[in-house]
Amino acid sequence: MMDASDILALCKRRGFIWPAFEIYGGVAGMYDYGPLGIAMKNNIIDIWRKAYTLGEGFIEIDGPTIGPEIVFKASGHVDAFSDSIVSCTKCKESFRADHLAKGLHSNPDSLSNEELSKLLRENGVRCPECGGDLTDVEDFNLMFKTTIGPGAGRVGYLRPETAQGIFVDYLHLYRFVREKLPFGVIQIGRGYRNEISPRQGIIRLREFNMMEAELFVDPENKSWPRFDKIKNEKMKLVPNNGDEIEITVGEAVERRMIGNATLAYFMYFTQEFLKTVGIDPNRLRFRQHLQTEMAHYASDCWDAEVLLSYGWTEVVGIADRGCWDLSRHIEYSNADLTAFKKYEEPVEIEREVIKPKYELLGPKFKGKSAKIGKALEEIDPSKIKNGNITIDVDGEKITVGSEFFEIVRIKEKVTGRKIVPHVIEPSHGLDRIFYACLEHAYTQKSDGYVVLRLKPAVAPIKVGVFPLMVKDGLDVRAAEIDERIRMSGIASYYDDSGSIGRRYARMDEIGTPWCITVDYETLKDGTVTIRDRDTTRQVRIHQERIIPTINSLLCGTPFSALEQ
RNA sequence: GCGGCUGUAGUCUAGUGGUUAGGACUGGAGCUUCCCAAGCUUCAAACCCGGGUUCGAAUCCCGGCAGCCGCACCA
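Oh and the first sequence: position 108 is 1379 in the numbering used here, straight run, nothing missing.
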């Protein structure tokens, strides 16, 4: 049977992916996309982008891959991505320092490395494996750190996900969509994680490609307009409290297996996308994260997993991030990252407010009077004690007597309120999807003959063009046809080397769905043969029909339709 | 990061201290060939990197890098 090394060997030999920096020995977790790989990756991106932007009305942005430290403090990555580690001086095992400190301190996470080291030492904590001495506590952060600007500069990090670039642009985005929920934003790009031990080809990379979508929804109404259209479709689910079941999208929401309709809708949407690019539906499922497994920001999370030779592998994570990200960025930036939710009817309310008498405050408090007045306006009248009120101005407590203000009743029309939208995030590991497409397309006959049954839409080359013989002008004719196909926008490849069978084999191995051969009949009547990769059947068509025929096949017309 | 195993053309492999480092497949050029990895001629192409031992290292030793497996970690 096929295993991952067959696929990786094919990828390397035929130019899908290559280990990066190979002449210098390579770097673990880093790969180059070769000519075929990049073409195929771009095809996958195209399909995904169109599904989200044209299909669901999402908007797309593209932000920097490096961000200042504050962004990742706010996002929680500086803390949550960083583990305090100790290792044993004897057996070299590594342990999470905060785990070892459990029970010794009410909140070990809050301690510095020095404090943790001291705590462990004073309590005589030794290696749980062999009882050896432990090293001092060290930080291990999975983010790549850098400096922005010259000299000491500003601390920056390479982004571990593209999502934060969307959250920090929320103000622009909310205005762009004309201040309506729900709305969705996508970003496609690189992310960086300094993995401890990258393995398994391109499954775990240190620099990787992501396609992320962030949906901003009303926390009180997490529905999606087109949910009803798909609620009777099925998905394979592995909930965190039970066994795998196949269930309709609607029922999964009704039974509260999936937290809300938007999450469920995009799980289904993801399933359909993965099928479109060639993932085998029988090797696809959604697995719910365990509570302990959830990221620091997530409240519910389902992974789309595909079965690879490595086992079940996450390719898409669909998380309900709640209000975590926007709330944190509000806290750290003081920006107003909210949505205004209008009431059905404006509400009129009456309330009492303090109205400062500025004409008296001025002479008494001089320069401070403006600030005192402002503070009085903001305070609730119930705080008045014995006619006096005490306020805090620049850290100074000032007591103001009742002669300096009056209490007035005002009527206010409130048309709505500000809410922090919740975020639902389908986050795609592009490299993993790319690899899964290859593995699920890979077939090998008993004699070792390899056919990559890639979906035509993702295949890097759509048509091979060959002359049957390299003489009598067949080659010239074939080269002309090849050029015309390419000029029409379809990737084709001219090949006149070796026997015709060898040329078909070359195309089969890289997943080219169709081959066109110019033979002696072409010279007589202008027809060529077109061959189907998966069936090896051939049909004669007139050369003038080549481009419309290929286009129609690319749109999904079955090859057998040409045989009538 | 720890432990085990491994590293020879693009790929698979022969080579146990002295070889022009051998073969097969692939690839290029040409011949042949009227549709599925055919044949012939010919060409190109390798000892992972760095130290050490030795008169001499692909071969023995050490370190690094990379791969595989296991452990640990995993948003």
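From the three backbone atoms N, C-alpha and C, an ideal C-beta is built for every residue, glycine too. None of the values given here were measured: they were computed from a predicted structure.
- Taking the C-beta atoms as reference points, W1495 is found nearer than 8 Å to T1533.
- Taking the C-beta atoms as reference points, V1691 is found nearer than 8 Å to S1598.
- In the structure shown, P1617 falls within a strand segment according to DSSP collapsed to helix, strand and coil.
- For Q1458, the enclosing beta strand (DSSP E) has its first and last residue at 1454 to 1463.
- Excluding sequence positions up to five before and after A1610, its CB lies within less than 6 Å of the CB of L1452, I1690, P1692, all in the same chain and listed in chain order.
- For R1461, the closest C-alpha among the options G1455, E1667, F1479, R1449 is that of F1479.
- Comparing alpha carbon positions, the residue from I1625, E1710, G1530, G1305 closest to R1284 is G1305.
- Pairwise C-beta distances place the stretch 1763 to 1783 in contact with the stretch 1721 to 1734, as three or more of them are shorter than 8 Å.
- For the stretch 1709 to 1795, the full-length beta strand (DSSP E) segments reaching 3 residues or more read 1713 to 1715, 1721 to 1723, 1734 to 1738, 1763 to 1765, 1785 to 1789 along the chain.
- Spanning the alpha carbons of E1432 and F1287 requires a straight line of approximately 24 Å.
- Burial check for D1404: the Cβ neighbour count within 10 Å stays below 16, so the residue is exposed.
- Counting only the Cα atoms, D1333 lies some 25 Å from D1574.
- DSSP links K1416 through a beta bridge to Y1428.
- Unbroken beta strand (DSSP E) stretches of 3 residues or longer found wholly inside the stretch 1287 to 1319: 1288 to 1290, 1302 to 1304, given in chain order.
- Under DSSP, T1584 shares a beta bridge with V1577.
- Scanning its chain for C-beta atoms nearer than 6 Å, with the 5 sequence neighbours on each side dropped, one finds around L1833 the residues V1810, in chain order.
- Sequence-distant Cβ neighbours of E1683 in its own chain, meaning closer than 8 Å and more than five residues away, are E1619, I1620, E1621, R1622.
- Of the residues assessed, Q1715 falls on the exposed side of the cut-off, its CB having fewer than 16 other CB atoms within 10 angstroms.
- Listed in chain order, the non-local C-beta contacts of L1413 below 6 Å within the same chain comprise F1352, R1464, N1465, local neighbours out to five positions each way being set aside.
- Beta-bridge partners of E1485 (DSSP): V1456.
- T1519 and E1504 have their alpha carbons spaced roughly 5 Å apart.
- Counting C-beta pairs closer than 8 Å gives three or more between the stretch 1481 to 1494 and the stretch 1421 to 1440, which meets the contact rule.
- Partner residues in the beta bridge of C1572, as assigned by DSSP, are A1590.
- In this structure, P1731 and L1281 do not form a Cβ contact; the two beta carbons are roughly 13 Å apart against a cut-off of 8 Å.
- Of the candidates N1511, I1516, I1756, Y1629, the residue whose Cα lies closest to the Cα of T1563 is N1511.
- For the pair V1789 and I1801, the Cα-to-Cα distance works out to about 9 Å.
- Look at E1409 here: in three-state DSSP terms it is strand.
- Note: D1803 is bridge-paired with W1785 in the DSSP secondary-structure output.
- L1545 counts as buried, since no fewer than 16 other beta carbons sit within 10 angstroms of its beta carbon.
- Restricting attention to N1531, P1469, F1454, V1456, the CA atom closest to the CA of N1492 is found in N1531.
- Straight across, the Cα-Cα distance linking E1393 with E1385 is about 12 Å.
- Ranked by how close their Cα comes to the Cα of H1813, the residues D1514, Y1765, V1799, S1768 have V1799 in first place.
- Contact between M1538 and M1506 holds, with the beta-carbon distance rounding to 6 Å and staying under 8 Å.
- Per DSSP, the beta bridge partners of P1697 are I1589.
- Pairing Y1629 with D1607, the inter-Cα distance amounts to about 30 Å.
- Assigned with DSSP and collapsed to three states, E1677 falls in strand.
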